[in-house]
Amino acid sequence: MLKISNVETFYGKIQALRGVDLDVNDGEIVSLIGSNGAGKSTLLMTISGVNKARKGNIVFNGENIENKDPHKIVDMGICQVPEGRRIFSRLTVEENLRLGAHANEKGKHFENDIKEVYDLFPVLSDRKTQRGGTLSGGEQQMLAIGRALMSKPKVLLLDEPSLGIAPKLVNQIFVSIKNINKEKNVTIFLVEQNAKKALELADRAYVLVNGKVTIKGPGQELLKNKDIQAAYLEGGAKN
Amino acid sequence: MEKKDIIQSFKDSLFTGLIALALFGPIVGLRTVSKGEGLFITPQWGVVFLLVGLCILGRFLININSARRTEFKIFSTLSSKFSSITEDKAKHFAITGILFAVVFPFLPFTDRYFMDVAIMILTYIMLGWGLNIVVGLAGLLDLGYVAFYAVGAYSYALIATTFGWSFWICLPLAGVFAAFFGILLGFPVLRLRGDYLAIVTLGFGEIIRIILINWYEVTNGPDGITGIPRPSFFGLPFKRSPDEGETSFHLFFNLEYSTMHRIIFLYYLILVLALITNYFTLKIRKLPVGRAWEALREDEIACKSLGVNPTNTKLTAFAIGAMFGGFAGSFFATRQAFISPESFTFIESAIIVAIVVLGGMGSQTGVVLASIFLIGITEMFRDLEQFRMIAFGGAMVLIMVFKPKGILANRKPTILMHGDKK
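Protein sequences appear in the order of chains A and B.
Under this note's numbering, read the first sequence as residues 1 to 239, first letter to last.
Under this note's numbering, read the second sequence as residues 1001 to 1422, first letter to last.
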C-alpha cells in the first residue's frame, strides 16, 4: 500500500537518504531500525511531505505523493506521530485531540472517535482538561498517538515512541501499538532505536545505515541475525 | 539574608544608578531654554539626582525582594494582589466592566475630557484585541500592525470623501481593504518565524507610512485628508442647524443641542466595534481555524503532521487581524475628521504590541487591563508633556516586575466538555 523506491533526500548539500527502497503492505507492522543519524526520521518526514525527496518515488495506494503538501498527505490517510511527541503543551488534552481531527473535521464523528481514543488510553480521559505540557512523558506519547489516530489514518507513522519514557510505560505503549494495528486495522510503520522491542513487534523490518537499507526480513528472523545482534542488540538497548 | 547578597544587590543598584545617570543626565539634566537671542542650557542637576536616587532605591528593593521574598513584605504582598486576578475573577471583571462601560457616559463626573480618554482607551482595546488574533493566538509577532490601522483609516477617508458614501458602507469596505493588505503582507512572510518575522512586519509598517507620505496625488501626502464626514445616527446628522430637507439628531429626539451627543455616539460606536472584535475572537477560538492558530503558535511541525495547512492558517490570521485593525482605522478617521501619516508611526505599533504582551499573550481581559493601565497612566501625566512617555515606560516596567508573563498570563482552556470541573 505504501511503496518507496530509490528515494534521495538532502538537507542543503548534505545527503541524508541515499536511495531508499522499502514497502509497507496493508495491515502490517513494519519496523525500521538504525543508529543515530542513519536517516530514519528524515525518511518519515519525506513520506509526510515535510521534507521533499529530490529523487525517487513514494506511491501510496497507487498514487504518487512525493510532491504533495503535508496536509494533502494527511487527508489521504498517512499520519505521523513525530519524534519527541510535539504535543501542543499550552492546549488541553482535549484540544490536542480536536486538532488531530483537523483533517477529519468534516466527518463529524468527533464524539465517537474521541471515545475510541479514551478507551485505548483511559488515562487521557482523566486528564482531558489538563494542559498537554503538564502530562508525564509517557502520557504525552499516548496523547500524541491518540491525536494522530483522530485523523483516522490508514497508515500510522511512529517516530521513536519509546524516546525518553520510563521502561514500564514503553511496554504499555508497544502493547497499544499492537492493539491499534490488530483491532483498528491501522497499518503501522515504526521507526525505533530500541531495536529489540521494535523487532519483536514487527511483521517485517528494515535496517537503515547511512541513508541506505542494508538488511531486510521478518522481525523474528532479524532478531536472530548475528550482525544485527552485534550492532544493535547486545551493546545497545537491552530492555 | 546574607551579608554577601546585600553587598551584591547594592553593587548592582549602583550600576543601575550609573545607567540612569547616563540617560537622565543629558535628557533631563540639560534643559534648553530660549531667551531672546538664542538657546541657553539651564542645568537641573537636582531633578537628575532625585531620579537617579529613585532608580537606585527601586533596583535595590527589587533585588532584595527577589533574593528573599519573605523578608521584604512590600513587594510580595503587592505582587500577590496582582496574581489574585485569575481568569475566573476576570470573568466577573469582564461583566462588570461591560456594564460600567455602558453606563459610563451618564455618570455624574463624566465630562468631555473623560469621554475623550475613554474613546481613546477603547480604540486601543479594539486594536489590542485585533492584534491579539495575530500575536496572541497565532503567535506571529507583528510589529507593523499600525499599517492596517492606516489602511483602514485612509480607505475610509478616501471612499467617504470621494463618493460620499455613509459610514456604514465604508466601514466594511475599509475592513476588506485592510484584510487584503494583511494577505499581501502574509505571503512574503510565510516562511519567516520569530525575530525575522518581526523585522519584516516592522518594515511593512514603515513602507505603508512612507507610501502615504509620498503618493501625493491620492493621499495628499503629509498634509493629510481633511473634511472626512462625521458619522450620522442612522441618517440623522449631529449638526446644530441641519441642511435643507434634513432632520438632525437633537431635533428628531427633541433634545437641546449639545456636542456631547456626537461624542457619546462615537463612544458607543467604538464600544460596540470593540465588543464585536472580542466576541468574534472568543467564538473563532472554538472553531477549527482558531484552534489551528493556537496549535501553529505551539508547534508548526506537529501541525503539519496532523494535516493543518500552515499557509492558509497564517494567511487567515493575518487577514482577520488586519480586518479589525482596518475597522478601528475607519473609526479613527471618522472621529478625527482629519488624518495624516503622522498618526501612523511605529510608536503606535509598539504601543499596541506592548498592550498585548503586557496584558498576557492571548488574554482578552488582559488587553483591557493593559490598555487602561498604559493609556490611562500616560493620560494622567499629560501635564508633564514630553516626559509622560517616562510614565509610559514606568508603567511597563511595573508590569514586567510584578507580572513578568503579563497581567493575565494563564489562558483558560477553550473547551470543557460535559460540564467538567473547572
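All residues carry an ideal CB built from backbone N, CA and C; glycine is no exception.
Please read these numbers as outputs of a predicted model, since none were measured by experiment.
- Your pair B/G1025 and B/V1048 checks out as a contact, with CB atoms roughly 6 Å apart and the cut at 8 Å.
- Taking B/S1009 as the centre and dropping the five residues before and after it, the same chain places the C-beta of F1060, N1063, I1064 and A1067 closer than 7 Å to its C-beta, in chain order.
- Within 7 Å of the CB of B/L1014, no CB atom of chain A is found; the nearest one sits about 40 Å away.
- At a cut-off of 8 Å, the C-beta of B/G1186 has no neighbouring C-beta in chain A.
- Using a CB distance below 8 Å, no part of the region 1377–1404 of chain B faces chain A.
- Within chain B, the residues whose beta carbon sits less than 8 Å from that of A/Q80 are S1305, listed in sequence order.
- With its beta carbon at least 8 Å from every one in chain A, B/N1132 lies outside the interface.
- By the Cβ neighbour-count rule, B/Y1279 is exposed, with fewer than 16 other Cβ atoms within 10 Å of its own.
- When secondary structure is reduced to three states using DSSP, B/G1038 falls in the strand class.
- Assignment of beta-bridge partners to B/T1032 by DSSP yields B/I1041.
- Residues of the region 1284–1295 of chain B with a C-beta less than 8 Å from any C-beta of chain A: P1288, R1291, A1292, E1294 and A1295, listed in chain order.
- Taking C-beta atoms as the reference points, A/G138 and A/I87 fail to come closer than 8 Å.
- Pairing B/I1301 with A/N96, the inter-Cα distance amounts to about 14 Å.
- Going by beta carbons, A/K3 and A/D23 fall inside the 8 Å limit.
- Looking at the backbone, the Cα of B/G1139 and that of B/E1206 are separated by about 22 Å.
- When CB distances to chain B are screened at a threshold of 9 Å, the residues of the region 113–127 of chain A falling below it are I114, in chain order.
- Cβ atoms of B/L1374 and B/I1407 stay farther apart than 8 Å, at about 11 Å.
- Residue state for B/G1139 is assigned as coil, using DSSP reduced to three classes.
- Cβ contact annotation for B/I1228 (same chain, cutoff 8 Å, sequence separation greater than five): Y1156, A1157, A1160, T1161, A1333, T1334, Q1336, A1337, F1338 and I1339, in chain order.
- For the region 37–63 of chain A, the residues whose beta carbon sits under 7 Å from a beta carbon of chain B are, in order, S48 and V50.
- If you draw a 10 Å sphere on the C-beta of B/F1324, you find 16 or more other C-beta atoms in it, and that means buried.
- B/E1002 sits exposed, since fewer than 16 C-beta atoms from the chains shown fall within 10 Å of its C-beta.
- Shortest Cα-Cα distance from A/Q80 to any of A/I228, A/I215, A/G146 and A/Q220 involves A/G146.
- With its beta carbon at least 8 Å from every one in chain A, B/A1317 lies outside the interface.
- Within the region 88–99 of chain A, contact with chain B at the beta-carbon level (separation under 7 Å) is assigned to F88, S89, R90, L91, T92, E94, E95, R98 and L99.
- Under the three-state reduction of DSSP output, A/L2 falls in the strand class.
- Within chain B, the residues placing a beta-carbon under 7 Å from that of A/V74 are L1306 and G1307, ordered along the chain.
- Excluding residues up to 5 positions away in sequence, E83 and G84 lie with their Cβ nearer than 7 Å to the Cβ of A/L163 in the same chain.
- Residues of chain B with a Cβ closer than 7 Å to the Cβ of A/H102 are, in chain order, P1288, A1292, L1306, G1307 and V1308.
- Interface with chain B (8 Å Cβ-Cβ cutoff): A/H71 is included.
- Contact between A/K128 and A/T92 holds: CB atoms are separated by about 7 Å, below the 8 Å threshold.
- Within chain A, the residues whose beta carbon sits less than 7 Å from that of B/I1301 are V50, P82 and R86, listed in sequence order.
- B/R1209 counts as buried, since at least 16 other C-beta atoms from the protein chains shown sit within 10 angstroms of its C-beta.
- Per DSSP, the continuous alpha helix (DSSP H) segment holding A/S41 begins and ends at K40 to S48.
- The C-beta distance from B/I1352 to B/G1128 rounds to 6 Å, short enough to meet the 8 Å contact threshold.
- Per DSSP, the unbroken beta strand (DSSP E) holding A/K216 starts and ends at K212 to P218.
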